[in-house]
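Going down the list, the sequences are from chains W and S.
Residues 1 to 152, numbered by my numbering, are exactly what the first sequence covers, in order.
Residues 153 to 304, numbered by my numbering, are exactly what the second sequence covers, in order.
All C-beta atoms, glycine included, are put in the ideal place defined by N, C-alpha and C.
Written below as C-alpha cells is the structure these notes are about.
2 protein chains.
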Amino acid sequence: MKEPPLSDSLTQPAGMPAEPTQAQRFGRARSARSATQVEDYVELIDDLLTTQGEARSTDVARRLGVTHPSAIKTIARLKREGLATAKPYRGIFLTPAGQELAHRVRARHRLIVELLLSVGVPREAAEADAEGMEHYASEATLEAFAAFLDGK
Amino acid sequence: MKEPPLSDSLTQPAGMPAEPTQAQRFGRARSARSATQVEDYVELIDDLLTTQGEARSTDVARRLGVTHPSAIKTIARLKREGLATAKPYRGIFLTPAGQELAHRVRARHRLIVELLLSVGVPREAAEADAEGMEHYASEATLEAFAAFLDGK
DNA sequence: ACTTAAGTGTAGCCAAGGCTACATTCCAGA
DNA sequence: TCTGGAATGTAGCCTTGGCTACACTTAAGT
C-alpha cells in the first residue's frame, strides 16, 4: 500500500459541500492504517529488547498472535525501511530511528490508555481498544488528551 | 483477510507473563481493521441515499478519495456480504442489514466525536481522528463514553 | 437522430499481510 | 561428537484494497 498524495489542504469555506475535506480524512485514515503494522512491531521489539534482552522472531510472532513467517515478512519490511537490523539466526535489533519511533509510539499508547481510564473505560477494554485507536490520534488530539489529564 | 480464530479467552492470572492476552488484543485489532472498509462504505452510502436520494459509485469514490474502480470493487464485496444491492448503471442501495449497520456505525461515530470534543479536542481533529478510531471502540468503551457525556 | 462526454464496468497489475508446507541451521543432551 | 528437535528461514498461495488502461452505457446537446 503506497500512501496516496494526500493532496493540498486548502481550507474549506464554511458551509460548502465539503467533499474534499471528507476525502482527505479518509485518506489520512488509510495512511494511518498502513503505518499501524510498522508501529506495532517496532514497539513490541523494543519491549522485548528491554525486558528480555533480546528479540527473536518467534517471540514477536507469539506475542502478536501470528505465525512466524508472517512476523519475519514484516520484520523484513522494517529492515527495508531502516528501522531494524537482523542477521540470520541472530536476534532483531532496532536502529536509532527504530528506537525513536518505538518510544514515541509507547508514549502515545500510554497517554491514550490513561485518557480512556480517566473517562471511565474499564482497564481491560482501555488496553485492548488503545491497541487499535492509538494509530489514529493526531498531534492535536494527543495534546488535548495531555491537557485534559493534566487539568483533572 | 480471513479473521483469525481469536483463540479461547482463558482469564489470565494477575501478574503472569500475559502473552496470550496481548496476542488476543492484536487479533482483535486486526479483525477490526478488516471491518473498517465495510463500515465506512455502508455509512457513506446511507448518507448519500438520504441526502442526495441516490448513491452512485463515482460519488462514493470521490467522497472517499479513491478511484472509482476501487470503490466498485469494495461495493462488490458489500453485495457478496448481503449489505448492499446494485444493478448495472443504476445506483447502489442498502439491504435492511446494510441499513442497520449504517445506523449503528453512524451513532458510534457521533458518540466518539462528542467525547473527543468534550475532552477538548478541536473539532477538525476530532472529526478526522474519529474516522479511524471509531472502528476500534468496544461496547464497553462506548458505554463508558456515553456515561461520561451524560454525567458531564 | 447522432455524437460525444460523463458515468460505469472490466481486466490486470502491485504491495501488504495473512497462511501452510518445506528447508535449513543451531544447540543441547546422549 | 553426533544427532534430533526447536528455532529460523524460504517458497508459494490467498484476499484485500489500492492503481491504470481500456471498454461499454447512458444521456444530453445540437
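At the 8 Å Cβ level, is residue i part of the contact set with chain S, yes or no?
i, result
"W/Ala35", "no"
"W/Glu54", "no"
"W/Glu141", "Reading off the sequence, residue 141 of chain W comes out as Thr, not Glu. Output row for W/Thr141: interface = yes."
"W/Val119", "yes"
"W/Leu78", "no"
"W/Gly91", "no"
"W/Pro4", "Low confidence applies to W/Pro4: its pLDDT is 36, below 50, so where it sits in the model is not reliable enough to give any reading."
"W/Leu185", "This structure does not reach residue 185 of chain W, given that chain W is present from 1 up to 152, and the question cannot be answered."
"W/Asp40", "yes"
"W/Gly82", "no"
"W/Arg104", "no"
"W/Asp150", "no"
"W/Glu100", "no"
"W/Ala86", "no"
So, with DSSP's three-state summary, where would you put residue i?
i, result
"S/Ala289", "coil"
"S/Gly303", "coil"
"S/Thr237", "strand"
"W/Lys2", "Interpretation of W/Lys2 is limited by its pLDDT of 34, a score under 50 that renders its predicted location unreliable; the figure taken from the coordinates is listed afterwards. In the structure shown, W/Lys2 sits in coil (DSSP, three-state: anything other than H, G, I, E or B)."
"W/Arg56", "coil"
"W/Gly120", "coil"
"S/Thr219", "coil"
"W/Gln12", "A caution first: W/Gln12 carries a pLDDT of 36, below 50, which makes its placement in the model unreliable, though a value can still be read off. Coil at W/Gln12, not helix or strand."
Thinking C-alpha only, which one of the options is nearest residue i?
i, options, result
"W/Leu149", "S/Val271, S/Ala278 and S/Glu295", "S/Val271"
"S/Glu286", "S/Val273, S/Leu268 and S/His261", "S/His261"
"W/Ser138", "S/Arg275, S/Ala299, S/Leu294 and S/Ala292", "S/Arg275"
"S/Glu191", "S/Phe178, S/Ala175 and S/Ile227", "S/Ile227"
"S/Ala292", "W/His103, W/Val121, W/Ala102 and W/Ala23", "W/Val121"
"S/Ile197", "S/Ala299, S/Leu269 and S/Leu253", "S/Leu253"
"W/Ser31", "S/Val212, S/Val218 and S/Asp211", "S/Val218"
"S/Ala259", "S/Glu195, S/Arg185 and S/Ala223", "S/Glu195"
"S/Asp211", "W/Arg33, W/Gln99, W/Gln22 and W/Asp59", "W/Gln22"
Chain W beta carbons: is any one of them nearer than 8 Å to that of residue i?
i, result
"S/Arg275", "no"
"S/Ser290", "yes"
"S/Glu195", "no"
"S/Glu266", "no"
"S/Leu216", "yes"
"S/Ala223", "no"
"S/Asp198", "no"
"S/Ala259", "no"
"S/Ala249", "no"
"S/Ala296", "yes"
Between residue i and the ligand ZN, is there a pair consisting of the residue's CB and a ligand heavy atom that are separated by less than 7 Å?
i, result
"W/Glu100", "No copy of the ligand ZN appears in this structure; indeed no ligand is present at all."
Nearest-angstrom Cα distance between residue i and residue j?
i, j, result
"W/Lys87", "W/Gly53", "16 Å"
"W/Pro20", "S/Ala207", "17 Å"
"S/Leu246", "W/Lys79", "44 Å"
"S/Thr202", "S/Tyr193", "14 Å"
"S/Ile331", "W/Ser57", "This structure does not reach residue 331 of chain S, given that chain S is present from 153 up to 304, and the question cannot be answered."
"S/Asp199", "S/Phe297", "24 Å"
"W/Arg62", "W/Ile92", "15 Å"
"S/Ala187", "W/Lys152", "35 Å"
"S/Glu283", "S/Pro221", "22 Å"
"W/Met1", "W/Gln37", "Here the model assigns W/Met1 a pLDDT of 39, short of 50, so the residue's position is not dependable, and the following value carries that caveat. Spanning the two alpha carbons is a distance of roughly 12 Å."
"S/Glu266", "S/Val257", "14 Å"
"S/Leu294", "W/Arg90", "44 Å"
"W/Leu83", "S/Ala249", "44 Å"
"S/Ala278", "W/Ala126", "19 Å"
"S/Gln176", "S/Asp281", "24 Å"
"W/Gly27", "S/Leu216", "7 Å"
"W/Thr85", "S/Leu268", "38 Å"
"W/Glu81", "S/Lys225", "30 Å"
"W/Ala29", "S/Tyr288", "13 Å"
"W/Ala147", "S/Arg185", "29 Å"
"W/Gln99", "S/Gln251", "45 Å"
"W/Ala71", "S/His255", "37 Å"
"S/Arg229", "W/Arg77", "29 Å"
Strictly by DSSP, which residues pair up with residue i?
i, result
"S/Phe245", "S/Thr237"
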